[in-house]
Amino acid sequence: MVQGEESSWRMASAHERVALPFNQALAYGVQAHAAAAAAPPACFLDFQPAAAAAAYFGELEEALIHGGASASVDPSMIKSDVQTKSAGYLAARPPTLEIFPSWPMRHQQQLHSGNSQSVGSTPDSSSAQNTMSQMELVSPASSAQRQEVMMVTTDDYSYKPGLAAAAAPPPPGPAAAPSFQQQPMQLHGGVHDKRKHGSTRKDGKLVDTKTERRLAQNREAARKSRLRKKAYVQQLETSRIRLQQVEHELQRARSQGLFVGGCSAAGDMSSGAAMFDMEYARWLDDDSKRLAELRGGLQAHLLDGNLGLIVEECMHHYDELFQLKAALARSDVFHLLTGTWATHAERCFFWMGGFRPSELLKILIPQLDPLTEQQLLGIYNLQQSSEQAEEALAQGLHQLHQCLADTVAAGTLNDGAAAANYMSLMAVALEKLGSLESFYQQADNLRQQTLHQMRRILTTRQAARCFLSIGEYYRRLRALSNLWASRPRENFIGTESLSPTATELQVMHQQQQNQFSGF
Amino acid sequence: MQYAAAEQAWYKPTAAMAESAVARVERLASESAVVVFSVSSCCMCHAVKRLFCGMGVHPTVHELDLDPRGRELERALARLLGYGHAGAPVVPVVFIGGKLVGAMDRVMAAHINGSLVPLLKEAGALWL
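Sequence lines, in order, name chains A and B.
Heads up: the first sequence is residues 1 to 519, going by the numbering used here.
Heads up: the second sequence is residues 1001 to 1128, going by the numbering used here.
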């Protein structure tokens, strides 16, 4: 028995690769079992998902090595890989070898110096091969090269004729059979045994060419897998280092008072922005309720008193929104002005962080027919004054942009951060950025005043229709954004691709018609 | 006598000086129909100036940063407006017909609700 093992090891090392077919491994596993009854099954519990394949087949290898060790074979007999993958082989394995690839287990990390083994993956079945490579790649490179990816494919467990050059000594064979049959895989158990008995023994003497070829292929595949794994691990390591460097730079830059704007993109929103988004979502929910109330009130032809209450509530609702936006301007003005809190279609029409009052008025005027002369006059005056105010604010903002650009570009740009007055110009630029907030607040103020003035000009019923129209307009813009986002992209399908959206639009159209039937 | 007066002038307490700043503000404010206290580098002041120009009004602008007593005037204005928070810009501050209108938000609100134009007309800054 020992003899057989020794010779098998030797043979393997002669090829500079240890590629043990499964049946051989099993044989050793059996031996290991015999010797290692007291082996702690801790490895089964020491689970790490990352060590998917490695752990799993680590079991196997451990069994092998232990089998080898129990036969007092000097592990150094096994020539190490060029890539020096030392397998961590612990004390004996528990008898049941769970070798199913889908069950990852971490195998213990103890160094057998200079011991490296790999079980060649059989190329016999390409799918199995792929599974192997995947599993191999999944396993991480731990700091110590203590984990070895085991590349025993499922195919190893399918016993081809002639493959079973198992040097497994017959005595433990029958003994192995029952224990292995406990495992799910061991459908082949019985077959395996037969093969072990009946086939040529792989003890260095009687190896048929098929086996030889298979072993060679195994070794090749194993080598390739190892190379791939190494490349992947190196890639990971470099990426990790690069990430650390970038983070370090970012920290340094931030400490210098620079605002590294690009990094605070989608990933980490400021708390003010996040809070605003949440509150805004709630506001939108409330908005739809208000719209429903308005619609109901109008259709029911409520008295002005009751309808007036609903209108007042709507006004308060908008005031709430402006308060939220003011808070956002104070905490994170850039979130406000980029408008990522609004949908795409709404953002199309953005003016300084929200709707443009004069544009909204243009939309509303036809909706509010009939209007008295005085009302019309009032609305046109409102439109004119809001246009003037908008123009003034826009010019002020433009001036701010100019100032900011001039400040940032002050001095020589070529010197980079080493320019003479770098910190001072940064300080001035920061100050100027601070005044951005006041512009957006004034813009929101303008919007709020416009809405209040509309309320004053219109009758209660008209005001109800006004708010309903505004709400519905923005609801449509939001729906448009959703439709746009979910539109089918395959252009070549032609009409087919259009029909879903077309029906959706039709449905929407129906809804709109129903909603406005009350007017 | 003038000496005494001059000496007394030197030793005026700060409170009196601040008060005179307010008085100066009021005096400046009533000198023209539309008076804007501003800071030359402030962009919001630029916006308010453009607003008036857009309406055809030509305000008298006092740049506080170019005035030797600008700091005091700024403090006086802050007190007039009732500002508690330090650091927030006080300017621009608008007076129409000698009466305080307020900072930018009040001016805009007045314009939107239609009260600005009558004020201007009343002060003689606008002729239709």
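Ideal Cβ placement from N, Cα and C applies to all residues, glycine included.
Residue environment for CYS1053/B: exposed (fewer than 16 other C-beta atoms within 10 angstroms of its C-beta). Minimum Cα-Cα distance from GLY308/A among the listed residues LEU468/A, THR459/A, TYR473/A and ARG489/A corresponds to THR459/A. Per DSSP, the continuous beta strand (DSSP E) segment holding PHE1095/B begins and ends at 1093–1096. HIS1111/B belongs to the set of residues whose beta carbon lies under 8 Å from a beta carbon in chain A. The beta carbon of GLY396/A falls within 8 Å of a beta carbon belonging to chain B, placing the residue at that interface. At a cut-off of 8 Å, the C-beta of THR450/A has a neighbouring C-beta in chain B. Around LEU451/A, the same chain offers TYR318 as residues with beta carbons nearer than 6 Å, after the five sequence neighbours per side are excluded. Comparing alpha-carbon positions, the option among TYR474/A, ALA463/A and ALA485/A lying closest to ASP287/A turns out to be TYR474/A. For CYS403/A, the chain B residues whose Cβ falls inside 9 Å of its Cβ are SER1041 and CYS1043, in order along the chain. At a Cβ-Cβ threshold of 8 Å, VAL1090/B and ALA1078/B count as neighbours.
From the beta-carbon of GLN388/A, the residues of chain B found nearer than 8 Å are LEU1051, GLY1054, MET1055 and HIS1111. The Cβ-Cβ distance between ARG447/A and PHE355/A falls below 8 Å.
Here the C-alpha atom of ARG1071/B lies approximately 50 Å from the C-alpha atom of GLU373/A. Exclusion of the five residues before and after ALA329/A leaves LEU336, GLU437, TYR440 and GLN441 as the residues of its chain whose Cβ lies within less than 6 Å of its Cβ. Under DSSP, VAL1035/B takes part in a beta bridge, and its partners are THR1060/B and PHE1095/B. In terms of beta-carbon proximity, GLU437/A stays away from the interface with chain B, with every pair separated by 8 Å or more. For HIS248/A, the uninterrupted alpha helix (DSSP H) run begins and ends at 209–255, by DSSP. Within the stretch 309–349 of chain A, the complete alpha helix (DSSP H) segments of 4 residues or longer fall at 333–338 and 344–348, listed in chain order. In this structure, ALA389/A lies near HIS1111/B, with their beta-carbon atoms less than 8 Å apart. Within 10 angstroms of the beta-carbon of SER435/A lie 16 or more other beta-carbons, which makes it buried. Taking a Cβ-Cβ threshold of 7 Å, the residues of chain B close to ASN381/A are GLY1114, in chain order.
For GLN442/A, the residues of chain B that pass the 8 Å Cβ criterion are MET1044, ALA1047, MET1104, ASP1105 and MET1108, in the order they occur in the chain. Bounds of the alpha helix (DSSP H) holding ASP287/A are 271–299. Contact between the stretch 475–482 of chain A and the stretch 341–357 of chain A is present: three or more C-beta pairs spanning the two stretches fall below 8 Å. Closer than 8 Å to the CB of LEU377/A there is not a single CB belonging to chain B. Between the beta-carbon of ALA1123/B and that of GLY1082/B there is about 23 Å, and that puts the pair past the 8 Å contact cut.
Per DSSP, the unbroken alpha helix (DSSP H) holding VAL1117/B starts and ends at 1116–1123. Distance between CYS1042/B and LEU393/A, taken at the CA atoms: about 13 Å. Each of ALA274/A, HIS398/A, ARG295/A and TRP283/A was checked against the Cα of MET352/A, and the nearest Cα belongs to HIS398/A.
In the DSSP assignment, GLY1102/B is bridged to VAL1094/B.
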